[in-house]
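FYI, in the working numbering the residues of the sequence shown are 184 to 723.
The beta carbon of each residue, even a glycine, is placed where N, CA and C say it ideally should be.
Being a predicted model, the structure only gives us computed values, none of them experimental.
Here is the structure we will look at, set down as structure tokens.
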Amino acid sequence: MGLFSLVFIITSCENEDFSDAVYSVNPPDTVSAHFSITQDNTGTVTITPQANGAYKFDITPGNGKDVVKGVENGENVKQVYAEGSYTVGVKAYGINNLTAEAEVPLEVSFRAPENLDVTFTKDALTLTVEAEADYASAFTVDFGDGSDVKDLAIGAQLTHVYATSADYTVKVTALSGGSATTVYEETLTMSAPTLLPVGFEAFDTSTFISFGGNAHEIIDNPDKGGLNPSNKVVKITKNKDQTWAGSVLQLTNPVDLSAKDQIKMKIWAPKVGAKVTMKLENISDGAINSGEFTVSTTKSKTWEELTWDFSGIDKTPEFRKVVIFYELGTMGAGGDDWTFYVDDFKQAVKPVVGFDPGSAIADFEVLPTLSGFDGGKQEIIDNPDKNGNSSDKVLKLVKDAGQTWGGHKLTYTDVYDMSKEGKLRLKIWSPRAGLKLTAKFENDVPWPGVKGTAEVIGTTTKASEWEEMVLDFSEVVFEAGNNWTNLVLFIDNGTMGDGSSNFTVYLDDVMQSGTTHSVIADFEVLPTLSGFDGGKQEKI
């Protein structure tokens, strides 16, 4: 009994001492957090919780992310914030799971971007913008023409097409990710001359106007492909107002009709037989004009190209206006029946007399099949040297290794008639003086029954520049009963070519020449081209 009592007393004494120790422990105090904010505008914040008497923490970051639990004393966590004010919750745990909490304010602000560098690249009415800056998260660009402000990503480019020639103040803003920004402004002069040929991909809209009830706008091509693959065209509607309603293309410089006195235009009309009238006018005096010329559409609801012949007008006045009328003299009514589309105004030379322009001269807007054999190749390309020849397109001939008689052929569906004009006049660009260009005509009979005329040879006198060459067929016999549809050309006939620049020539404006000039090929519009035995040709 005594022993039991002793043990009991001792046990009771020990329990009393332990309870006193536990209940004397205080919860953590001075709860707070230390914030380390990066200065790179990423919004990264390192949070280090602090408290007296704590061994772990729970952190509520306040940025919408989940609570981070069990952060040991002396450790930290990283969180990402947008610029702004936040409240970070810190819960400190002491021994016996006693806790204390605090709410710690956090301010995140971004520095303004530095070293902003903007690059503008101008191409007529098209502007391309690039930008870079330290501490920038992105950019915006205000092009100064009333269009919406556009976003520009880091390392990207932004392209904008202006509607008219003018001065524009372009503003580029570097964004920090917060409220701080850095701005660069520059006034740029954007301009593009309106010169034939005219398309509407990047076009000064102020130079196309309508009057008398016509309404127009530049829109996406509603029937893209085939004859007209352009992205942009002009939509014109003749409304009920005036019978003489029309539209005007105003050019920067007068039309030069001395070499090319035809004007072509693509049109999409709602009906066959619609009368389309064109005239040329002086920029300041409408009484000075070419007179009106009318052609009719031959297709309905598809693109076609019409041609107006100004070869017979007085070409001395300066004409800067191209005026078009749809059904001149008839009142329009708006709607689909009075809506048409136009595109691609350009000049051309008058086709050879007696040839049907629709078949004898193919339209370059739709490429013909270019073919060759035995090494022959052909292609139409841009004029590589406009000094001495302002044409946009020319024919490139290459004599490759094949046969010494490797050559080139221009084929028409109609017959060459040399009885009236017995000479061929052409422009040639040769890599060397003394190069011999041989020409002959062949009939339309396939090999081996084909017949050819005698050959005529011309020799170049200049190197690496355009010159004019005349090939005299006036004494050549053209045997009756043959359809002379092929003009055959040879570079240094009898010498093996090698396909190099030394055997590469360019041709343009092949004309019949006598008392008058009739164009056989100017390569703005295409005949059928072919090569043989090493001959190559291409329009460039």
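Counting other Cβ atoms within 10 Å of its Cβ, A357 reaches 16 or more and is therefore classed as buried. Taken through DSSP and simplified to helix, strand or coil, W521 comes out as helix. Within its own chain, the residues whose Cβ lies closer than 7 Å to the Cβ of A457, once the five positions on either side in sequence are excluded, are S479, T480, Y509 and E510, listed in chain order.
In its chain, beyond the 5 residues on either side, K423 have a beta carbon closer than 6 Å to the beta carbon of A516.
Here the alpha carbons of E501 and S389 stand approximately 20 Å from one another. For V581, the closest C-alpha among the options F686, L672 and I230 is that of F686. Boundaries of the beta strand (DSSP E) harbouring F391: F391 to F394, taken from the DSSP string. Linking T225 to D317 through their CA atoms gives a straight-line distance of about 12 Å. Taking 8 Å as the upper bound for CB-CB distance, I450 and L410 are not in contact here, some 10 Å apart. When DSSP states are grouped into helix, strand and coil, T388 belongs to the helix group.
Residue pairing by DSSP puts K239 in a beta bridge opposite E255 and Y276. F528 places its beta carbon 9 Å or farther from that of V506. Secondary structure note for T678: it is in no beta strand (DSSP E), with a DSSP letter that is neither H nor E.
Shortest Cα-Cα distance from S683 to any of I401, E368 and A584 involves A584. Counting every other CB atom within 10 Å of its CB across the protein chains shown gives E368 a total below 16, marking it as exposed.
Here Y351 is bridged, per DSSP, to L371.
For L432, the closest alpha carbon among the candidates K248, M514 and S393 is that of S393.
Taking C-beta atoms under 8 Å as the contact rule, P210 and A283 qualify, at a distance of about 5 Å.
Selection T420, T426, A452 and E464 evaluated against P437 yields E464 as nearest (Cα-Cα). Note that the segment 325–341 touches the segment 300–312; at least 3 beta-carbon pairs, one per stretch, sit closer than 8 Å. By the CB criterion at 9 Å, S473 and F493 fall inside the cutoff. With 16 or more neighbouring CB atoms inside 10 Å of its own CB, S430 falls in the buried class. Taking the C-beta atoms as reference points, V659 is found nearer than 9 Å to V639.
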